[in-house]
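Residue numbers (my numbering): 70 to 417.
What follows is a set of notes on a single structure, which appears directly below.
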Amino acid sequence: MSKQTILETYSKLAVETKADLCCGVDYRKEFSSEELDHIPDEVLDRNYGCGVPIELRTLGTGKSVLDLGPGFGRDCFVAAHKVGPEGRIFGLDMNNDMLRQAEHYKSKVVSRLGYDNIRFLKGQFDVQIPLENDSVDVILSNCVNNLATDKRRAYSEMFRVLKPGSKLSFADIVSYDLLPLKLQENEKAWADCVAGVLSFQQLTQILNEAGFHGVTLTTQFSYKVGTEVLKQYFDSGSGDSRIRLSSKEREELERVRLYSVLIEAFKPVVDPQGECYWTGQYALFQGPGVSLQLDDDPDHVFKAGTLKEVCEKTATILKSEPFKGHFTVFEPQGEVEARLCVPGGKCC
Ligand SMILES: C[S@@+](CC[C@H](N)C(=O)[O-])C[C@H]1O[C@@H](n2cnc3c(N)ncnc32)[C@H](O)[C@@H]1O
Numbered sequence: 070m071s072k073q074t075i076l077e078t079y080s081k082l083a084v085e086t087k088a089d090l091c092c093g094v095d096y097r098k099e100f101s102s103e104e105l106d107h108i109p110d111e112v113l114d115r116n117y118g119c120g121v122p123i124e125l126r127t128l129g130t131g132k133s134v135l136d137l138g139p140g141f142g143r144d145c146f147v148a149a150h151k152v153g154p155e156g157r158i159f160g161l162d163m164n165n166d167m168l169r170q171a172e173h174y175k176s177k178v179v180s181r182l183g184y185d186n187i188r189f190l191k192g193q194f195d196v197q198i199p200l201e202n203d204s205v206d207v208i209l210s211n212c213v214n215n216l217a218t219d220k221r222r223a224y225s226e227m228f229r230v231l232k233p234g235s236k237l238s239f240a241d242i243v244s245y246d247l248l249p250l251k252l253q254e255n256e257k258a259w260a261d262c263v264a265g266v267l268s269f270q271q272l273t274q275i276l277n278e279a280g281f282h283g284v285t286l287t288t289q290f291s292y293k294v295g296t297e298v299l300k301q302y303f304d305s306g307s308g309d310s311r312i313r314l315s316s317k318e319r320e321e322l323e324r325v326r327l328y329s330v331l332i333e334a335f336k337p338v339v340d341p342q343g344e345c346y347w348t349g350q351y352a353l354f355q356g357p358g359v360s361l362q363l364d365d366d367p368d369h370v371f372k373a374g375t376l377k378e379v380c381e382k383t384a385t386i387l388k389s390e391p392f393k394g395h396f397t398v399f400e401p402q403g404e405v406e407a408r409l410c411v412p413g414g415k416c417c
C-alpha cells in the first residue's frame with residue numbers, strides 16, 4: 070500500500086470543513102468545559118478520531134506523552150492541560166498540511182494555557198519515531214494505527230520509545246475477522262480507516278510479538294458492516310470504473326464487520342526475555358475471572374486459587390501495572406537458594 074493516497078486524503082481534510090471522518094465522538098460530551106476551555110472551537114468541531122483513548126481521560130501531571138497522527142491536535146491539546154507545565158506533549162504527523170493546522174491552533178492553546186509544553190514533529194511512526202529509547206510515559210493515538218502501512222515496524226517503534234512499565238492507549242478500528250484481500254488492496258478504503266484495519270486476533274498477536282503485555286481491547290460500537298463497505302468502495306462506480314467482483318469475493322466482503330475499539334497495552338517493567346531465577350516467590354491470582362494468561366507463553370497461565378512458583382522477573386511484572394491488584398505475590402520465608410527456573414528453558 071502506498072502512502073501517497075493517505076497523504077493526499079489528509080491534505081484535503083486539512084483544508085476542507087468536514088466534521089467527521091469515520092465515527093468520531095463529540096469531545097464536548099466526553100469532557101468537562103474546564104478540560105476543553107483552552108481549545109479553539111474549530112478544533113473541537115472537526116473530529117477525525119474514533120473514540121477517546123482511555124488514558125486521555127486520566128493523564129496525570131508531569132507525564133510525557135506522544136500522540137501519533139494528531140491531525141488538528143485535539144488530543145495533544147486535551148493532554149497538554151492535564152499534564153500541566155511540567156509535562157511534555159509530542160504530536161507526530163507525517164502530513165505538512167495537518168502539521169500547519171496543528172501549529173496554527175497551538176499558538177491559541179498556548180496563550181490560553183499560559184505555558185507551552187507541546188511540540189509537533191514531522192515523521193512516520195511506522196518508519197521511525199524521532200524520539201529516544203525509553204523516553205515517554207504514554208503513547209496515545211486516535212484512529213491512526215490502522216493507517217500504518219508497516220504495522221510490525223510501527224508497534225516495535227512504539228515499544229522502543231515507551232518507558233518500561235508504561236502504556237500504549239489508543240482508539241482504533243478493529244475487524245471481527247481477517248479482511249478480504251480485495252478490501253486490503255483498496256487504497257481509498259485504506260485512507261478512510263477501513264482497509265488497513267487488523268482483526269482482534271491479529272492486533273493482539275502483533276502487540277505481543279512487539280513485546281507488549283496486558284493487552285485489553287474494549288469494543289465501543291459497530292462502525293461498518295460489509296454491505297456498507299461494498300456500497301461505498303466497490304459498487305459506487307459505473308461502467309469500467311466499477312470494480313468487478315466474483316461472487317466469492319462479494320460474499321467475503323459482505324461478511325466484513327468493523328468496530329470502534331479502545332486498546333491498551335503495557336511495556337513490561339523488566340525484560341521478559343532476561344534470565345529467569347526462582348528465589349522463593351509464589352503468586353496467587355485473585356481474579357476477576359477463573360484464570361489469566363500473562364502473555365503468549367502457555368506456561369504463564371494463572372488459575373484463581375492455585376499457588377504458582379514465579380521467578381523474580383515474573384514476580385516484578387505481577388506487582389506492576391496492569392496486574393497488581395489482581396495478584397498476591399508471596400515473598401520467600403527465610404533464605405532460599407536461587408536456582409535457574411528451567412535450565413536453558415522457559416520462564417516461570
Ligand atoms: C484519521 S486522522 C486522525 C487525526 C486525529 N488523531 C483525530 O483524532 O482527529 C489520521 C492522522 O494520522 C496521520 N498519519 C497517517 N499515517 C501516518 C503515519 N504513518 N505517520 C504519521 N502520521 C500519520 C494523518 O496525516 C492524519 O493527520
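Heads up, the beta-carbon is just placed ideally off N, CA and C, and yes, glycines get one too.
Predicted model, so just to flag it, every value in this text is computed and none were measured.
From residue i to residue j, what does the alpha carbon distance come to, in whole angstroms?
i: GLY129; j: GLU103; result: 15 angstroms
i: LYS72; j: PHE354; result: 45 angstroms
i: HIS369; j: CYS417; result: 7 angstroms
i: LEU248; j: LYS382; result: 38 angstroms
i: LEU182; j: HIS107; result: 6 angstroms
i: ALA258; j: CYS380; result: 47 angstroms
i: ALA217; j: PHE239; result: 14 angstroms
i: LYS393; j: GLY356; result: 11 angstroms
i: LEU105; j: PRO122; result: 16 angstroms
i: LEU276; j: TYR292; result: 22 angstroms
i: GLN402; j: GLU254; result: 60 angstroms
i: GLU297; j: CYS92; result: 14 angstroms
i: ILE187; j: LEU137; result: 13 angstroms
i: VAL179; j: PHE159; result: 14 angstroms
i: TYR96; j: GLY343; result: 43 angstroms
i: ALA334; j: GLU323; result: 31 angstroms
i: GLY358; j: GLN270; result: 21 angstroms
i: ARG126; j: SER360; result: 29 angstroms
i: LEU331; j: CYS119; result: 9 angstroms
i: GLY279; j: LEU363; result: Inspection of the sequence shows that residue 279 is occupied by Ala rather than by Gly. Approximately 15 angstroms, taken between the alpha carbons.
i: LEU200; j: LEU231; result: 10 angstroms
i: LEU135; j: VAL196; result: 16 angstroms
i: LYS177; j: ALA148; result: 15 angstroms
i: VAL405; j: TYR224; result: 39 angstroms
i: TRP347; j: GLN289; result: 41 angstroms
i: GLY374; j: ASP206; result: 34 angstroms
i: LYS317; j: PRO337; result: 43 angstroms
i: PHE303; j: VAL325; result: 13 angstroms
i: GLY142; j: TYR174; result: 8 angstroms
i: LEU252; j: ASP219; result: 17 angstroms
i: GLU85; j: GLY140; result: 13 angstroms
DSSP state of residue i, grouped into three classes?
i: ILE400; result: Note on identity: in this sequence residue 400 is Glu, with Ile being the wrong assignment. Reduced to three states, the DSSP call for GLU400 is coil.
i: LEU231; result: strand
i: GLN342; result: coil
i: SER80; result: helix
i: SER102; result: helix
i: GLN301; result: helix
i: SER133; result: strand
i: GLN350; result: strand
i: SER315; result: coil
i: GLU320; result: helix
i: LEU90; result: coil
i: GLY333; result: Position check: residue 333 holds Glu in this sequence, whereas Gly was assumed. Looking at GLU333 - three-state DSSP - the assignment turns out to be strand.
Could you give the residue range of the beta strand (DSSP E) that holds residue i?
i: HIS282; result: 282-294
The alpha helix (DSSP H) with residue i in it runs from where to where?
i: THR324; result: The question names Thr, but residue 324 is Arg in the sequence shown. Segment: none, ARG324 is in no alpha helix (DSSP H) and carries neither H nor E.
i: ARG126; result: 123-127
i: LEU113; result: 110-114
Hey, would you say the C-beta of residue i is under 6 angstroms away from at least one heavy atom of ligand 2?
i: GLU344; result: For ligand 2, the structure offers nothing, since it holds only ligand 1.
Quiz item: Who's in the neighbourhood of ligand 1, going by beta-carbon under 5 angstroms from any heavy atom, listed in chain order?
Solution: TYR79, TYR117, GLY118, GLY138, GLY140, ASP162, MET163, ASN164, MET167, GLN193, PHE194, ASP195, ASN211, CYS212, VAL213 and LEU216
Self-check item: Runs of beta strand (DSSP E) wholly within the stretch 361-411 (minimum 3 residues, chain order)
Solution: 370-372, 377-379 and 396-399
Quiz item: Hey, which unbroken runs of the beta strand (DSSP E) at 3 residues or more fall wholly within the stretch 136-208?
Solution: 157-162 and 187-191
Quiz item: What are the start and end residues of each continuous beta strand (DSSP E) run of 3 or more residues lying completely inside the stretch 219-273, in chain order?
Solution: Counting only runs of 3 or more, we get 231-244.
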